[in-house]
Amino acid sequence: MEKKRDYQEIINKIKPEFDKVLNFFERELAKIRTGRASSTLVEDIQVECFGQRFPLKQLGAISTPEPRQIIIQPWDNSYIEPIMNALSRSGSGISPVVDKDLIRISLPPLSEEYRQDLLRLLAQKIEEAKRTMRHWRETAWDEIQDGFQAGEIREDDKYRGKDKLQELVDEYNEKIEGLAKKKKKEIES
14 MEKKRDYQEI INKIKPEFDK VLNFFERELA KIRTGRASST LVEDIQVECF GQRFPLKQLG
74 AISTPEPRQI IIQPWDNSYI EPIMNALSRS GSGISPVVDK DLIRISLPPL SEEYRQDLLR
134 LLAQKIEEAK RTMRHWRETA WDEIQDGFQA GEIREDDKYR GKDKLQELVD EYNEKIEGLA
194 KKKKKEIES
């Protein structure tokens, strides 16, 4: 007897991909600067040190003692110069200052023009996430269609699968919109 494919199996197989898209989107949002300082603005900046590249978070403690200030306390004073070089090359528009054995970054208030740039960047990130979701939805739908063509999935199950797939996409799009709405509020405040 031939093995019947189940549309639910196909959908369950695609769900972890949706989770990856959502997690990636959350990490990308964390990198977008708002009015408040956050360690995520600098922690992944690559620092050239001893002929190797390290994310900044591996070379020191990063804290935000005030709403518009980031403090980086390198584990070793020899890291200060490479960290300063990496920060100035990062293109993030931040101006670090060395204060004895730590690096202080004071974030200026956001200008209206910069806020608009951030909102455009946010819209771009939303579209990228949704585009990736559509790709995975199409992949799953193609697999369901193939199963139907091969006689492994019944016609009513094919349409039930399409509906379930769309429900899952809608659920994840809502999560993306919720995160984006929260970020937009942070940028505008």
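Once you know that position 66 of the sequence shown is 79 in this note's numbering, the rest is easy, because the numbers rise by one and skip nothing. Every residue, glycine too, gets a C-beta built ideally from N, C-alpha and C.
- Per DSSP, reduced to three states, the secondary structure at Pro68 is strand.
- Around the beta carbon of Lys196, a 10 Å sphere encloses 16 or more other beta carbons of the protein chains shown; the residue is thus reported as buried.
- In the DSSP annotation of this structure, Val110 is not part of any alpha helix (DSSP H); the continuous beta strand (DSSP E) holding it starts and ends at 109 to 112.
- Exclusion of the five residues before and after Ile85 leaves Gly73, Ile75, Ile116 as the residues of its chain whose Cβ lies within less than 6 Å of its Cβ.
- Taking 7 Å as the cut-off, the Cβ atoms of Ser119 and Gln82 count as close.
- Taking every protein chain shown into account, the CB of Pro87 has 16 or more other CB atoms within 10 angstroms, so this residue is buried.
- Only buried fits Glu156, as 16 or more other CB atoms lie within 10 angstroms of its CB.
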